Amino acid sequence: MGDFYELQLALDLPDSAECGLLRWHLGETPEDKEPDGDEEYPLLTGTGPAQRIGGALVGMLQRGPQGCSLLARQEVHPDDFARLRHLLKWIAARTTTVGTIGYVRFFEDHIPDVLVVESGTVRQVPLELAPGAEELLPD
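Taking my numbering, the leading residue of the sequence shown gets -11, the next gets one more, and so forth.
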């Protein structure tokens, strides 16, 4: 199977020309290289059935009255973590979403780590199963 991870992102951004990097990572622009000049490949273009993590892969940026909303669920490999960190830091510096912006989970793990943005920085917070956590949803 490999060392793949599930990445989920759901966040809002102000509408600006800076969203070009996100559009490139979503495969919405025809350039062969990143807007900053690196000859790489987009990280958020997967669509259809996931090969390793189950479920479906999606990536979309929707415009709304307050700006843009990003939704992505992708398979990522550790070889792409440096580029992914760069993208997540870029997002954290611009997002209007405070708190949880997504999750990252090793494909064999059951519990993801949470991606949290506060004061323009992003951090990865591990979740742990609480003792007695048997209730699906609170009443």
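By construction, the Cβ of each residue, glycine as well, lies at the ideal position given by its N, Cα and C atoms.
Note that this is a predicted model, so its numbers are computed, not measured.
(message) What ranges does the beta strand (DSSP E) occupy inside the stretch 44 to 95, keeping only unbroken runs of at least 3 residues that lie completely in it?
(response) 44 to 52, 55 to 64 and 87 to 94
(message) Between Thr85 and Leu32, how many whole angstroms is the CB-CB distance? I'm expecting something under 8 Å.
(response) Locating residue 85 in the sequence shown gives position 97, counting from the first residue. Locating residue 32 in the sequence shown gives position 44, counting from the first residue. 16 Å between Cβ atoms; not a contact.
(request) Find out if the Cβ-Cβ distance for the pair Val113, Val102 is shorter than 8 Å. (result) Position 125 of the sequence shown, counted from the start, is the residue given in the question as residue 113. Position 114 of the sequence shown, counted from the start, is the residue given in the question as residue 102. It is a contact, given that the beta carbons lie within the stated cut-off.
(request) Return the residue from the list Trp78, Glu28 and Ile41 that minimises the CA-CA distance to Glu(-6). (result) Taking the sequence shown and counting its residues from 1, the one referred to as residue -6 is at position 6. For Glu(-6), the nearest C-alpha among the options comes from Ile41.
(message) On the DSSP bridge list, what partners appear for Gly128?
(response) With the chain represented from -11 up to 127, any question about residue 128 goes unanswered, as that position is not in the structure.
(request) Can you tell me which of the three DSSP states Leu10 falls into? (result) Counted from its first residue, the sequence shown places residue 10 at position 22. Note: Leu10 maps to helix in three-state DSSP.
(request) Output yes or no for whether 8 Å exceeds the beta carbon distance between Cys56 and Leu45. (result) Looking up residue 56 in the sequence shown gives position 68. Looking up residue 45 in the sequence shown gives position 57. Cβ atoms of Cys56 and Leu45: not closer than 8 Å.
(request) Classify Thr83 as buried or exposed, calling it buried when 16 or more other Cβ atoms lie within 10 Å of its own Cβ. (result) Here residue 83 refers to the residue found at position 95 of the sequence shown. Flag for Thr83 reads buried.
(message) Going by DSSP in three states, Ala(-2) sits in which element: helix, strand or coil?
(response) Counting from 1 along the sequence shown, the entry for residue -2 is found at position 10. Strand at Ala(-2).
(request) Could you tell me which of Gly34, Lys77 and Gly52 sits nearest to Glu106, measuring between CA atoms? (result) Counted from its first residue, the sequence shown places residue 106 at position 118. Nearest C-alpha to Glu106: Lys77.
(request) Quick one: grab the DSSP three-state call for Tyr(-7). (result) To locate residue -7, count along the sequence shown from 1; it is residue 5. In the structure shown, Tyr(-7) sits in a strand (DSSP, three-state: E or B).
(message) Nearest by alpha-carbon distance to Glu6: which of Leu75, Gly47, Pro53 and Pro37 is it?
(response) As a working note, residue 6 is residue 18 in the sequence shown. Of the listed residues, the one whose Cα sits closest to Glu6 is Leu75.
(message) Per the DSSP calculation, Asp3 is bridged to which residue(s)?
(response) By one-based count along the sequence shown, residue 3 stands at place 15. According to DSSP, Asp3 bridges with nothing at all.
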